[in-house]
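Protein chains in written order, with our numbering: chain A, 177 to 411; chain B, 177 to 411. Some notes on the structure that comes next.
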DNA sequence: TAGTGGTCTAGACCACAAA
DNA sequence: TTGTGGTCTAGACCACTAT
């Protein structure tokens with residue numbers, strides 16, 4: 177979505193959070209927002225669509241755009257279409273780097289990374305925590321072709337924003353596969369669980385806007401601390 | 177999304193599946209599609225957005241709309257925004273009704289269903305299978321206020337299409353929470369697993385287009401047979 | 001430089017909810 | 001009947017890719 181729509185979405189989100197609309201339970205009409213912000217209807221509808229995708233509001237034809245009741249809080253988003261999650265950060269995420277190495281892809285990894293065998297790949301293993309609770313054990317691979325340099329300090333922060341802001345990479349889309357898995361001894365130790373405990377596992381393939389895969393990762397999640405939510409229109 | 181856009185999306189999907197675009201690797205340009213189908217750019221872009229949300233294509237500014245490589249097949253969609261999944265069915269789903277009863281909501285269920293204690297609720301327990309493999313044990317509740325009648329034959333089929341087509345309900349949105357759980361003896365027996373085995377659990381709250389909850393359900397999934405995918409734009 | 005998708009505007013009509 | 005969001009059109013300009 178465009179910057180203009182995103183800006184408006186953020187402004188409206190703040191007004192929602194302030195409780196400004198809690199009496200009526202709904203936002204101003206589209207026409208009123210057009211006037212209030214001096215933008216076109218296209219822009220207003222784009223912003224509202226973002227808020228709806230994030231579960232903040234639901235538009236009801238003929239009636240208005242209603243603010244949704246608060247959904248319970250301790251969940252992680254899945255399928256963050258339009259990247260709204262990045263715009264409304266409400267959780268503290270920390271990463272503890274366990275391993276950072278430049279390796280060469282074997283046959284299996286090359287297949288996964290859509291690269292040639294022997295190509296250079298960064299391998300990064302991190303323990304991730306949310307609000308100081310261990311949440312997942314992540315193993316990620318990045319093609320050196322697109323990420324020429326990496327160090328532990330960068331990996332402690334947000335690799336995502338490093339790649340976007342410092343490397344100038346532009347992201348396209350990502351695929352996730354969710355399934356059950358079992359903890360390795362190492363993952364269990366770091367998560368404070370036992371080897372062989374079950375875990376929700378998310379495999380993630382991330383692509384640049386030119387369609388090239390640049391990052392694959394495998395996250396195994398703490399079965400007690402990790403809960404995910406997904407919201408969808410059913411129309 | 178609108179019917180016109182959905183129709184166009186289905187037509188394009190068929191052309192993609194036929195391999196018509198496999199040489200160039202991309203769709204005709206937006207302007208060409210406008211001419212080919214005699215529709216507006218709004219409509220063309222809506223259809224392409226649906227295909228992109230379903231992971232069929234990815235549009236690349238300045239270059240075209242590319243057909244994506246086939247993603248592996250045996251996964252269930254999660255967060256089916258825009259209901260594309262319903263339009264491109266490629267799996268056989270069967271349901272075996274274990275229980276169907278009209279009950280009255282106790283305090284806990286009333287809270288979950290956003291209804292008053294004592295209100296009438298259908299309780300439906302089904303074993304669901306995909307391509308003849310047991311995939312989940314589902315416990316679902318439907319408010320009698322919105323679903324006045326139900327029987328076993330209906331429950332064997334698609335409750336979703338019954339409610340839409342026969343009862344004329346119009347759906348709004350739904351919330352999912354995904355977490356780990358453990359199988360009960362009954363669920364384990366029906367899934368062919370053992371009591372206490374881990375399971376991915378999805379709690380689903382479904383709302384009508386007027387914002388009223390009409391259905392809540394809890395699905396526990398076979399940890400071997402069930403895999404989910406989710407695709408998202410990262411822009 | 002030409003071609004293509006992304007954003008944006010202005011305006012029309014339709015479908016539905018509420019008074 | 002009125003007001004609201006949903007769909008649709010026509011057209012303009014911008015951002016990016018490819019040549």
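Note that the Cβ used here is the ideal one computed from N, Cα and C, for glycine as well.
Cβ distance (whole Å) where residue i is taken to contact residue j below 8 Å
| i | j | result |
| --- | --- | --- |
| residue 180(B) | residue 219(B) | 6 Å |
| residue 313(A) | residue 366(A) | 6 Å |
| residue 297(A) | residue 285(A) | 7 Å |
| residue 213(A) | residue 356(B) | Their Cβ separation, rounded to whole angstroms, is 44 Å, which puts residue 213(A) and residue 356(B) out of contact at 8 Å. |
| residue 211(B) | residue 221(B) | 15 Å between Cβ atoms; not a contact. |
| residue 334(A) | residue 302(A) | Not really, about 11 Å apart at Cβ, beyond 8 Å. |
| residue 252(A) | residue 404(A) | 5 Å |
| residue 280(B) | residue 294(B) | 5 Å |
| residue 358(A) | residue 368(A) | Actually they are not in contact, since the Cβ atoms of residue 358(A) and residue 368(A) sit about 16 Å apart, beyond 8 Å. |
9 Å Cβ cutoff, residue i in contact with chain A
| i | result |
| --- | --- |
| residue 216(B) | no |
| residue 409(B) | yes |
| residue 400(B) | yes |
| residue 313(B) | no |
| residue 228(B) | yes |
| residue 272(B) | no |
| residue 392(B) | no |
| residue 395(B) | no |
| residue 383(B) | yes |
| residue 192(B) | no |
| residue 254(B) | yes |
Proximity below 9 Å, CB of residue i to CB of residue j
| i | j | result |
| --- | --- | --- |
| residue 350(B) | residue 307(B) | no |
| residue 354(B) | residue 311(A) | no |
| residue 328(A) | residue 291(A) | no |
| residue 374(A) | residue 235(B) | no |
| residue 363(A) | residue 323(A) | no |
| residue 336(A) | residue 390(A) | no |
| residue 387(A) | residue 344(A) | no |
| residue 184(B) | residue 209(B) | yes |
| residue 203(A) | residue 233(A) | yes |
| residue 278(A) | residue 223(A) | no |
| residue 243(B) | residue 198(B) | yes |
| residue 376(B) | residue 254(A) | no |
| residue 340(B) | residue 316(B) | no |
| residue 402(A) | residue 352(B) | no |
| residue 346(A) | residue 385(A) | yes |
Below-9 Å beta-carbon distance, residue i vs any chain B residue
| i | result |
| --- | --- |
| residue 386(A) | yes |
| residue 222(A) | no |
| residue 197(A) | no |
| residue 403(A) | yes |
| residue 189(A) | no |
| residue 185(A) | no |
| residue 406(A) | yes |
| residue 316(A) | no |
| residue 327(A) | no |
Residue i, buried or exposed, once every other Cβ within 10 Å from all chains shown has been counted against 16
| i | result |
| --- | --- |
| residue 392(B) | buried |
| residue 378(A) | buried |
| residue 260(B) | Only weak support exists for where residue 260(B) lies, its pLDDT of 37 falling under 50; the value from the coordinates is given anyway. When all chains shown are included, residue 260(B) counts as buried. |
| residue 370(B) | exposed |
| residue 269(A) | exposed |
| residue 178(B) | exposed |
| residue 182(A) | buried |
| residue 382(B) | buried |
| residue 229(A) | buried |
| residue 193(A) | exposed |
| residue 331(B) | buried |
| residue 238(B) | exposed |
| residue 195(B) | exposed |
Selection of the segment 333-358 of chain A by Cβ proximity to chain B, strictly under 7 Å = 347, 348, 349, 350, 351, 352, 353, 354, 355 and 356
Using a Cβ cut-off of 7 Å, which residues of the segment 360-377 of chain A contact any Cβ in chain B, in chain order?
-> 374 and 376
Taking Cβ-Cβ distances below 8 Å as the criterion, which residues of the segment 199-215 of chain B are in contact with chain A?
-> none
Could you list the residues in the segment 234-247 of chain A with a C-beta less than 7 Å from some C-beta on chain B, going in chain order?
-> The segment 234-247 of chain A vs chain B, Cβ under 7 Å: 234, 236, 242 and 247.
Identify each residue in the segment 279-300 of chain B for which the Cβ-Cβ distance to at least one residue of chain A is less than 8 Å, and report them in chain order.
-> none
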